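Chemist:
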Amino acid sequence: MAVITVLRDHGTPNPIDEMALQHVSQSMRRQVLSGLRFLRLIDARGRALPRLKSLVVAYETPAWPTVLTGVLKAAYEPLFQHELGTMSPTVFQRLFRSQYPSTDGVTRKALTFFISAARSAEIPLNGDLFEGRRVRRGGQRREALGRENGGRVEPVDDAQDETPSLGESGGEESPGKVIAADDGHAALAFLTDLLDEARMTGQEQEAVWTLVKYVRRCRDHAHRAA
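Residue numbering for the sequence shown is 2 to 227, as defined by the working numbering.
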């Protein structure tokens, strides 16, 4: 939701197009516009819809969770027909992929965005969703929560996967720094948007995911300390 900060600080242009998003990096503008359309915040011509204006006004106010919940439930209506609070990671991933089929990289970003936004909206989710495995590049591609095998998704044996999950902190040690919730959400949104499997090496992707885990750990430490 980093773009909401931009719109709040610099105003909501009308229409919202690539030329209007001067405060968003050029490489991200098309993706931002696609996301705004998917969330039904702008129409096909880029005109801001009432829900976007309400979201900008509600940002960093007590109304934010309620307004954001409305946006997510409208955009992800098929997901909210299920009880997400008790849904296992494997079942959730299958549901998400069936409703929003795409490539592994796009799906991973979409899952990360949805889970982060749902947390910001205070929507109850199964805590195990934050332990999802990411896609690994190389000799064997791992899906976020399982392995595709002839169209069948099988759970991954954690003991066979040495890569830490997004939710793992590598122990109970404090990160030594706390990040406010809003700063954490903005940082996670930026890092998620930064990922580009087509252009990044495996080492570069690993570095970004390491930062994602660190930011999550700092933010969660701040929640516990509050």
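Think of the CB as a built atom: it goes at the ideal place given N, C-alpha and C, for glycine as much as any other residue. None of these values were measured; they are calculated from a predicted model.
State the DSSP-derived secondary structure class of Ala49, mapped to helix, strand or coil.
Modeler: For Ala49, the secondary structure class from DSSP, reduced to helix, strand or coil, is strand.
Chemist: Quick check: what's the CA-CA separation for Arg109 versus Leu80?
Modeler: 16 Å
Chemist: Please state the DSSP three-state secondary structure of Ile124.
Modeler: coil
Chemist: When DSSP builds the beta bridges, which residues end up paired with Ile43?
Modeler: Ala49
Chemist: Are the segment 63-77 and the segment 14-34 touching, with three or more C-beta to C-beta distances below 8 Å?
Modeler: no
Chemist: Does the separation of the CB atoms of Ala187 and Ala64 fall below 8 Å?
Modeler: No. Outside cutoff.
Chemist: With the cut-off set at 8 Å, would you say Ala122 and Thr70 are in Cβ contact?
Modeler: yes
Chemist: With DSSP run on the structure shown, which of helix, strand or coil describes Asp18?
Modeler: The answer is coil: DSSP assigns Asp18 none of H, G, I, E or B.
Chemist: Classify Val7 as helix, strand or coil using the three-state DSSP reduction.
Modeler: helix
Chemist: Taking Ile116 as the reference, which of Met88, Leu22, Ser103 has the closest Cα?
Modeler: Met88
Chemist: Short of 6 Å in beta carbon distance, which residues of its chain neighbour Arg153, apart from the five on each side in sequence? Order them along the chain.
Modeler: Bear in mind that the predicted position of Arg153 carries a pLDDT of just 40, short of 50, making it unreliable; the figure below should be weighed with that in mind. Same-chain partners within the cutoff: there are none.
Chemist: Which stretch, first to last residue, makes up the alpha helix (DSSP H) that contains Leu130?
Modeler: Unbroken run through Leu130: none, as it is neither H nor E.
Chemist: Could you compute how far the alpha carbon of Val92 sits from the alpha carbon of Leu85?
Modeler: Approximately 10 Å between the Cα atoms of the pair.
Chemist: Suppose the cutoff is 7 Å on Cβ atoms and the five residues either side in sequence are ignored; what does the same chain contact list for Lys54 look like?
Modeler: Thr13
Chemist: Please go through the same chain and pick out, in chain order, the residues whose beta-carbon is closer than 7 Å to the beta-carbon of Phe39, but skip the five residues on each side of it.
Modeler: Ala76
Chemist: Might you give, ordered along the chain, the residues of its own chain that have their beta carbon closer than 8 Å to the beta carbon of Asn127, omitting 5 neighbours on each side?
Modeler: Leu85, Gly86, Thr87, Met88, Ser89, Pro90, Phe93
Chemist: So, with DSSP's three-state summary, where would you put Ala64?
Modeler: coil
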